[in-house]
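Participant: Going by UniProt numbering, the sequence shown wraps up at 278, each residue one higher than the last. Dumping the structure here so I can ask a few things about it.
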Amino acid sequence: MAAPRENVNLLFKLYCLAVMTLVAAAYTIALRYTRTSDKELYFSTTAVCITEVIKLLLSVGILAKETGNLGRFKASLRENVLGSPKELMKLSVPSLVYAVQNNMAFLALSNLDAAVYQVTYQLKIPCTALCTVLMLNRTLSKLQWISVFMLCGGVILVQWKPAQATKVVVEQNPLLGFGAIAVAVLCSGFAVLASVGGLYTSVVVKYTDNIMKGFSAAAAIVLSTIASVMLFGLQITLTFALGTLLVCVSIYLYGLPRQDTTSIQQGETDSKQRVIGV
């Protein structure tokens with residue numbers, strides 16, 4: 001049985017929603033801007049490494065604050081890190097997957113516009129859904145399956161005639177960009193089964209619901225599209241607009257709570273038993 005979600009006020013939920021949306025949109029736009037600059041490019045591997053180092057330092061700082069003193073901090077490190085080599089080996093698998101995923105994001109945004117990337121990257125939802133069905137024997141509702149196929153259709157429309165950015169002068173390879181997104185999506189679908197990526201995401205998962213997270217993803221797509229039009233001269237096409245709309249709607253539908261049919265099925269069973277006189 002799932003643990004009950006902690007009660008928090010609406011203002012805090014809206015704060016989490018706003019920050020998650022802005023972080024997702026700003027990250028994509030900033031990365032796209034730096035990867036299309038006419039100046040000498042930085043190494044994407046270095047950026048990924050620095051990001052992980054910063055997350056490590058933040059995690060160590062949070063652990064130090066929670067333990068309260070140096071003695072308990074050292075004891076926690078010995079018990080949970082140095083004293084658990086097998087657990088460290090297990091964590092190395094999703095860590096490697098995340099490293100590949102993050103590097104693919106840099107490659108994709110070097111060859112695709114930020115808005116196209118945001119929409120296409122939502123393929124991680126059906127990928128994760130398939131992983132949970134095939135590897136964890138979970139089931140999806142009919143509405144979730146419909147939303148998965150709708151999302152895939154939206155991405156196909158977006159990729160059918162990708163919107164062009166007129167202000168980007170660097171040479172791009174859309175096919176390479178889509179291939180990089182495909183690898184990142186596969187990594188994301190697998191890694192979600194092992195751990196939740198990002199420090200702030202863990203807070204959002206704890207205090208918000210799937211509908212709010214879906215709304216945040218859709219809002220990030222809209223913000224990325226607006227920023228792409230203003231910064232990169234993105235030309236919106238009809239197929240792009242329709243595809244984006246389908247993706248946003250499918251994200252919302254996929255996050256809707258599933259109806260609990262246990263009591264309904266039990267009631268039908270009891271009725272049948274009464275009819276046959278059992």
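All C-beta atoms, glycine included, are put in the ideal place defined by N, C-alpha and C.
Counting pairs of beta carbons, one from the region 138-145 and one from the region 71-79, are three or more of them closer than 8 Å?
Facilitator: Under the Cβ criterion (8 Å, minimum of three pairs), the region 138-145 does not count as touching the region 71-79.
Participant: Strictly by DSSP, which residues pair up with L234?
Facilitator: L234 is bridged by DSSP to A165.
Participant: Straight-line CA distance for G214 to P257?
Facilitator: Going from the Cα of G214 to the Cα of P257 covers about 12 Å.
Participant: Check whether the Cβ atoms of A118 and S224 lie closer than 9 Å to each other.
Facilitator: Checking the sequence shown, residue 118 turns out to be Gln, not Ala. Yes, the pair counts as a contact, with Cβ atoms nearer than the cut-off.
Participant: Is the separation between the beta-carbon of G255 and that of V155 shorter than 9 Å?
Facilitator: no
Participant: Tell me whether L157 sits in a helix, a strand or coil according to DSSP, three-state version.
Facilitator: helix
Participant: Identify which residue in L246, I50, Q172 has its Cα closest to the Cα of L238.
Facilitator: L246
Participant: Where do the N-terminal and C-terminal ends of the alpha helix (DSSP H) with K39 fall, by residue?
Facilitator: Looking at the DSSP string, K39 is not in any alpha helix (DSSP H), and its letter there is neither H nor E.
Participant: Any heavy atom of the ligand MN closer than 8 Å to the Cβ of Y33?
Facilitator: In the structure shown, the ligand MN is absent, as is every other ligand, since no ligand is present at all.
Participant: Out of Y42, D113, L10, which one is the CA nearest neighbour of N173?
Facilitator: For the residues Y42, D113, L10, the minimum Cα distance to N173 belongs to D113.
Participant: How many Å lie between I54 and Y27 at the Cα?
Facilitator: Separation of I54 and Y27 (C-alpha to C-alpha, rounded to the nearest whole angstrom) is 15 Å.
Participant: Once you ignore the five residues that flank S88 on each side, which residues in its own chain have a CB closer than 8 Å to its CB?
Facilitator: According to the sequence shown, residue 88 is Leu rather than Ser. When the five nearest sequence neighbours on each side are left out, the beta carbons in the same chain lying within less than 8 Å of the beta carbon of L88 are those of V81, in order along the chain.
Participant: Indicate the three-state DSSP secondary structure (helix, strand or coil) for P257 in the structure shown.
Facilitator: coil
Participant: Using the Cβ count rule (16 or more neighbours within 10 Å means buried), how would you classify R32?
Facilitator: Buried, since its Cβ has 16 or more Cβ neighbours within 10 Å.
Participant: Which of the three DSSP states, helix, strand or coil, is assigned to E87?
Facilitator: helix
Participant: On a CA-only basis, which of A47, L157, T46 is nearest I236? Give me that one, please.
Facilitator: L157
Participant: Closest by CA to M150, which one among I125, V169, K167, V133?
Facilitator: I125
Participant: In angstroms with no decimal places, state the Cα-to-Cα distance between V60 and V48.
Facilitator: 18 Å
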